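Notes follow the structure.
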Amino acid sequence: MPCATCVRTPSARRGALWALLWLAIVLGAGCERPWNSPYPDAERASDTLYRAFTEPPRHLDPARSYATDEVEFTGQIYEPPLQYHYLKRPYQLEPLAATRLPEPQYLDADGDPLPADTPPEDVATSVYTIEIEPGVRYQPHPAFARGPDGAPRYRDLSPADLEGIASPADFTHQASRTLRASDYVHQIKRLASPEVNSPILGVMSEHIVGLADFAERLRAARDKLAPGEHLDLTRHDFEGARAVDDRHFEIRVNGVYPQLRYWLAMPFFAPMPPEAIAFYNQDALAAKNIGIDTFPVGTGPYMLTENNPNRRMVLETNPNFHGERYPSEGAPGDREAGLLEDAGRALPFIDRVVFSLEKESIPYWNKFLQGYYDSSGISSDAFGEAIRIDADGDPHLTETMAERGMRLATTVLPAIYYLGFNMNDEVVGGDDDARKLRQAISIAIDYESYVAIFLNGRGLVAQDPLPPGLFGAREGEAGTNPVVYDWVDGERRRKSIEVARELLAEAGYPGGTNEETGRPLLLNLDTPASGPEFKSQMDWMRQQFDKLGIQLVVRATTWSRFQQKTADGNVQLFFGSGWMGDYPDPENFLFLLYGPNSAAENNGQNIANYQNDTFDRLFRRMRDMDNGPKRRQLIDHMIDIVQRDAPWVWGMYPRQYGLYQSWLANTKPNAMANNTIKYLDIDPAARADKRLAWNRPVLWPLAAGAGGLLVLLLPGVWIHRRREHRAVRRTAR
């Protein structure tokens with residue numbers, strides 16, 4: 001008969017073996033996938049793009065949305081008639097849902113056709129006729145579902161009908177229909193609807209025939225509705241937009257307005273099916289926050305399938321997408337950069353896009369470095385880790401980033417930030433002496449050092465109001481501001497401070513002292529840079545004026561107060577203003593200095609209150625012209641005028657930096673296009689390998705700890721076994 005000890009020994013061995021097996025499994029599992037992955041295992045091999053967003057989007061209704069963080073979603077879902085070519089520079093329009101770029105038909109005051117070369121002042125109306133592609137269909141959506149009787153299936157919904165419904169995808173019946181020209185007209189009507197409150201109603205009312213009157217009629221019609229009723233725009237028409245047939249619609253504008261084509265590339269002019277609005281105008285759905293502002297309905301390559309703005313938002317491919325091809329042409333250098341390798345392939349390449357909420361920049365950056373985001377911007381805190389600047393001031397990836405295979409792409413945005421003078425001010429405004437004062441200050445403020453110190457070099461010092469990439473923007477010597485710079489040995493050199501001091505003396509302030517009163521020149525600078533993080537910037541700004549002996553008083557305030565003061569003209573100098581172009585046309589920047597747009601007199605965007613009769617006359621001619629040699633000549637003349645008058649210290653054009661993981665292909669920043677996800681491609685296998693390599697767990701502490709624990713336990717096990725053995729021997733006796 002075996003003793004008890006002989007029975008327990010195999011059991012103890014089995015326990016030790018199981019412990020070793022468990023440790024081996026843990027160690028083996030750590031070699032197959034990262035332990036810290038925030039995504040499910042099933043997504044590892046999928047064509048999913050991972051991005052982050054920092055603020056929940058307020059509006060996804062294309063008639064209301066006017067923010068860059070919102071268009072990242074709406075741009076993938078909706079299809080306006082036109083879009084920007086993904087690769088070509090300068091930015092170039094091309095058809096999207098339209099079959100071709102529309103050309104206007106000019107009419108006189110009697111409605112009779114005019115030749116295409118008619119002077120703009122002789123044109124009463126321009127008619128744009130847009131033809132849309134055949135066979136385009138909307139994404140699946142319950143708004144299109146119909147019952148056996150042909151009536152909409154989901155109308156008059158009650159709260160009880162919506163039990164278990166959190167999104168349109170939860171409805172049992174989904175359907176679609178073909179895009180119609182009338183859907184575009186319906187969206188244009190929505191711009192005037194008091195139930196929408198579109199932010200572009202004001203500017204469009206100036207151009208689209210009858211839109212302002214139509215808005216008034218809709219307000220009157222809404223006032224007559226019973227509580228709970230909504231406007232049915234299919235019952236209201238106006239002359240500025242009408243459907244000719246299912247594939248053609250017209251837009252009529254007052255006079256000549258070639259910039260309309262740029263608006264036709266924005267989601268504001270995307271189609272909106274009346275069925276979707278009627279579906280969402282149900283109180284039961286509104287109570288659950290299910291509406292056009294949260295769940296768009298479009299014809300684009302993607303549709304929003306998950307909207308949890310406090311956690312994540314998900315786009316998935318639209319199964320009804322009509323198809324599009326990757327471009328076969330691009331800008332110089334695109335082929336060499338590999339950006340044309342997918343030419344002619346069907347879009348989109350990526351099946352799914354997951355946007356995760358990241359409110360803090362450091363966790364976002366760390367997850368990007370771990371491979372859990374496919375692209376990233378570069379915050380100031382991470383700039384030194386990612387970027388090195390060479391002796392010529394050009395940015396490059398650091399060795400660490402380069403070893404990871406990451407790619408850096410930079411682009412100068414169609415935007416400008418500047419320091420402005422209030423031209424209504426009796427000291428800095430006006431001609432002659434005041435002009436020389438402004439020129440002296442323009443030379444003294446060393447914007448090159450500002451960009452280097454405070455922006456990590458992420459900006460291009462401006463020479464005039466037009467950012468690079470716009471028609472009329474000049475480069476090299478031709479694009480150099482001769483008031484502030486000299487062109488020497490093929491490069492710009494800022495004029496010496498002595499030149500600025502001479503101008504200051506000619507203006508009547510030798511050494512910064514008013515020669516008439518003997519008092520130091522004191523200037524007031526208003527700015528919204530009021531936080532402690534801006535103190536160093538304002539100290540730097542004072543130093544720039546100190547070079548001229550000018551005393552600068554910084555008056556920092558809140559953004560809203562700053563806006564009010566500039567709007568009222570209650571400033572002398574102002575810093576912190578900028579403009580991001582709505583579309584890549586010189587009119588959209590030069591209008592900031594057009595006299596009738598004065599903020600103080602006409603509540604316009606010309607917050608410098610600059611007025612020059614010659615500039616204004618040239619602007620009126622230029623804004624209505626198509627791009628060509630004559631328009632370029634006018635722009636050159638206008639820029640020469642404002643460079644000499646110096647109503648702004650031109651400041652800088654911001655440069656956008658982007659980092660892209662090696663497995664993400666076809667990446668080229670496009671500051672105007674908002675529907676670019678469809679062009680991107682991913683290598684999921686390469687991404688999985690990189691994630692594993694970058695997140696391999698350090699397991700030796702676990703093994704060492706397990707071994708140490710075993711060493712600590714062995715004496716106790718040995719003592720326990722001896723006691724049991726003795727007990728068995730006593731029992732046997």
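Residue numbers are given in the UniProt record's numbering: position 411 of the sequence shown equals residue 411, and the series is strictly consecutive. Idealized CB from N, CA, C, for every residue including glycine. Remember, predicted model here, so these are calculated numbers, not experimental data.
For the ligand SAM, any of its heavy atoms closer than 7 Å to the Cβ of residue i?
| i | result |
| --- | --- |
| Asp-61 | Of ligands this structure carries none, so the ligand SAM is not represented either. |
Given a threshold of 16 other Cβ atoms within 10 Å of its Cβ, counted over all protein chains shown, does residue i qualify as buried or as exposed?
| i | result |
| --- | --- |
| Val-484 | buried |
| Asn-36 | exposed |
| Ala-42 | exposed |
| Val-488 | exposed |
| Glu-163 | exposed |
| Gln-564 | exposed |
| Leu-225 | exposed |
| Lys-668 | buried |
| Pro-2 | Note that Pro-2 scores 44 on pLDDT, short of 50, meaning its location in the model is unreliable; the coordinates nonetheless yield the value given after this. The residue is exposed, with fewer than 16 neighbouring Cβ atoms inside 10 Å. |
| Pro-654 | buried |
| Ser-193 | buried |
| residue 808 | Past the boundaries of the shown model lies residue 808; the chain is included only from 1 to 733, so the question cannot be answered. |
| Ile-719 | exposed |
In chain order, what residues of the same chain have a beta carbon less than 8 Å from the beta carbon of residue i, not counting five sequence neighbours either side?
| i | result |
| --- | --- |
| Ser-46 | Asp-351, Arg-352 and Pro-684 |
| Ala-221 | Leu-231 and His-236 |
| Leu-357 | Ala-52, Phe-53, Thr-54, Pro-56, Pro-309, Asn-310, Arg-311 and Arg-312 |
| Leu-107 | Pro-113, Leu-114, Val-123, Ala-124, Thr-125, Ser-126 and Val-127 |
Under three-state DSSP, which class holds residue i?
| i | result |
| --- | --- |
| Ala-4 | Below a pLDDT of 50, predicted positions are generally treated as unreliable, and Ala-4, at 40, falls in that range; the measurement from the model is reported next regardless. Helix, per DSSP. |
| Leu-260 | helix |
| Val-354 | strand |
| Arg-723 | helix |
| Tyr-84 | strand |
| Ala-63 | coil |
| Arg-638 | Here residue 638 turns out to be Met, not Arg, going by the sequence shown. It is helical. |
| Pro-363 | helix |
| Pro-332 | coil |
| Gly-164 | coil |
| Ala-688 | helix |
| Trp-663 | coil |
| Gln-543 | helix |
| Ile-445 | coil |
| Gln-564 | helix |
| Ala-270 | coil |
| Ile-416 | strand |
| Pro-596 | helix |
| Gln-551 | strand |
| Gly-384 | helix |
| Ala-346 | strand |
| Tyr-679 | helix |
| Tyr-372 | coil |
| Leu-602 | Note that residue 602 corresponds to Asn in the displayed sequence, not to Leu. Three-state DSSP puts Asn-602 in a helix. |
Cutting at 6 Å between CB atoms, please list the residues of its own chain near residue i, excluding the five before and the five after it.
| i | result |
| --- | --- |
| Ala-212 | Ser-205 |
| Ile-200 | Phe-268 |
| Pro-273 | Asp-183 |
| Arg-632 | Gly-472 |
| Asp-681 | Phe-349, Ala-665 and Asn-666 |
| Asp-374 | Leu-49, Tyr-50, Gln-661 and Leu-664 |
| Thr-178 | Arg-137 |
| Val-553 | Asn-524 |
| Glu-477 | Trp-487 |
Quick one: what's got a C-beta closer than 7 Å to residue i's C-beta in the same chain, skipping five residues either side?
| i | result |
| --- | --- |
| Ser-380 | Asn-456 |
| Asp-390 | His-396 |
| Gly-323 | Ala-346 |
| residue 738 | With the chain covering only 1 through 733, there is no way to say anything about residue 738. |
| Leu-20 | Reliability fails at Leu-20, whose pLDDT of 49 lies under 50, so the model's placement of it is uncertain and the value that follows must be treated cautiously. Cβ within range, chain order: n/a, list empty. |
Cβ contact (3+ pairs, closer than 8 Å) linking the region 289-298 and the region 61-72: yes
Should the region 686-699 be called in touch with the region 662-674, which here means at least 3 C-beta pairs below 8 Å? yes
In chain order, each alpha helix (DSSP H) run of at least 4 residues that lies wholly inside the region 183-266: 201-205, 211-223 and 260-263
Counting Cβ pairs closer than 8 Å, one from the region 600-610 and one from the region 620-639, do we hit at least three? no
If you scan the region 114-184 from start to end, which runs of the beta strand (DSSP E) of 3 or more residues do you find wholly inside it? 125-131
Would you call the region 327-341 and the region 164-177 in contact, with 3 or more CB pairs under 8 Å? no
Report yes or no: do three or more beta-carbon pairs, one from the region 434-446 and one from the region 643-654, lie closer than 8 Å? yes
Is the region 142-162 touching the region 243-262 in the sense that three or more CB pairs, one from each, lie closer than 8 Å? no
Continuous beta strand (DSSP E) assignments of at least 3 residues falling wholly in the region 464-546: 485-488, 491-494 and 522-527
Between the region 531-550 and the region 505-522, can you find at least three pairs of beta-carbon atoms closer than 8 Å? yes
If you scan the region 283-337 from start to end, which runs of the beta strand (DSSP E) of 3 or more residues do you find wholly inside it? 302-308 and 312-317
Are the region 301-308 and the region 66-83 touching, with three or more C-beta to C-beta distances below 8 Å? yes
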